[in-house]
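**Student:** This is the structure I want to talk about, given as structure tokens.
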Amino acid sequence: MVIPALNEAENLPHVFATLPHWIYEVVLVDGRSSDDTVAVARRLRPGLRIVQQKGKGKGDALTSGFRACTGDIIVMIDADGSTDGREIIKFVGALVTGADFAKGSRFANGGGSDDITLGRRVGNRMLGGLVNWLYGTRYTDLCYGYNAFWARHLDTLDLDCPGFEIETLMNIRAARAGLRIQEIPSHERNRIHGESNLRVLRDGWRVLKTILRERRKPFTRRAPAPLPTRDPR
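The C-terminal position of the sequence shown is numbered 224 in my numbering, with every residue numbered one higher than the one before it.
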């Protein structure tokens, strides 16, 4: 599991309280927080891995965390309390029953959001419609940060963007690579403390540029990394 965090010390107790006890590994990527994010995380979950982000942006933080993961399945959630760790079982269940990429959706039947504004909803719908038209997908939610996938597909996704457009890039490249994608209804809650770093116009423009750039870019399907060899002992 990867959790990108920037000044989320007040929210982490709520986030960690929802995490299932059976999670193998938690990687927290700290974006050079000025509060006690790292100390709080270590107190709440001894043994978690801390990655100090060198660049900037959510995409950069996530890719840094992905590289540090050692497990077979990677789950990405937010540190602001908006994503519920108790839903992880649904994402993992989709993967172990055949999906390559489990994509959270607030707008699939059974999902919802307490936090999304009208502007974000309209923008998400328009951008999602564009992706569905250009790439032949049937996504109901394009810009949501609750996703899970098999770690062996990291090379296929080949993620290389720094900002909030990371979710859009993942969704496009997963589809272009022919991965088996399953949408998972998810309920987004309100951020508990602090303010979001998302800026609708700025980040919406970045998402649009990502959609159009990927359409012009030739895509080479890569074979997934081999499954890890298990010690029979």
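Backbone N, C-alpha and C fix where the C-beta goes; we use that ideal spot for every residue, glycine too.
Quick caveat, the model's predicted, so the values are computed rather than measured.
Using the rule of at least 16 other Cβ atoms within 10 Å of the residue's Cβ for burial, across every protein chain shown, is Gln43 buried or exposed?
**Tutor:** Per the 10 Å Cβ criterion, exposed.
**Student:** Alpha carbon to alpha carbon, how far is Arg206 from Ser73? Give it in angstroms, no decimals.
**Tutor:** Straight-line Cα distance between these residues: approximately 31 angstroms.
**Student:** Based on DSSP bridge pairs, tell me the residues matched to Arg40.
**Tutor:** DSSP output for Arg40 lists Val18 as bridge partner(s).
**Student:** Alpha carbon to alpha carbon, how far is Gly120 from Leu(-3)?
**Tutor:** The straight-line gap from Cα to Cα measures roughly 31 angstroms.
**Student:** Quick one: is Pro(-5) buried, meaning 16 or more other Cβ sit within 10 Å of its Cβ, or exposed?
**Tutor:** Under this definition Pro(-5) is a buried residue.
**Student:** Could you check the C-alpha separation between Thr61 and Leu53 for me, to the nearest Å?
**Tutor:** The straight-line gap from Cα to Cα measures roughly 14 angstroms.
**Student:** To test your reading of the DSSP string, which unbroken alpha helix (DSSP H) runs of 4 or more residues are found completely within the segment 73 to 98?
**Tutor:** Counting only runs of 4 or more, we get 79 to 87.
**Student:** Ignore the nearest five residues each way along the sequence and tell me which others in Asp100's own chain have a CB closer than 7 angstroms to its CB.
**Tutor:** Note on identity: in this sequence residue 100 is Asn, with Asp being the wrong assignment. Taken in chain order, the residues that qualify are Pro176.
**Student:** If we count the other Cβ atoms within 10 Å of its Cβ and call it buried at 16 or more, is His184 buried or exposed?
**Tutor:** By the 10 Å Cβ count, His184 comes out exposed.
**Student:** For the beta strand (DSSP E) holding Ala139, just list the boundary residues, first then last.
**Tutor:** Element bounds for Ala139: Asn138 to Trp141.
**Student:** Closer than 7 angstroms by C-beta to Val198: which residues in its own chain qualify, once you throw out the five before and the five after it? Chain order, please.
**Tutor:** Hits under 7 angstroms: Leu118, Cys134, Glu156 and Thr159.
**Student:** Could you check which residue in Glu179, Glu174, Asn181 and Arg204 has the C-alpha nearest to that of Ala85?
**Tutor:** Ala85 has its Cα closest to that of Glu174, out of Glu179, Glu174, Asn181 and Arg204.
**Student:** Which same chain residues end up closer than 8 angstroms to Phe82 when comparing Cβ atoms and leaving out the 5 residues on each side of it in sequence?
**Tutor:** The answer, listed in chain order, is Val66, Ala93, Gly95, Tyr137, Asn138, Ala139 and Ile175.
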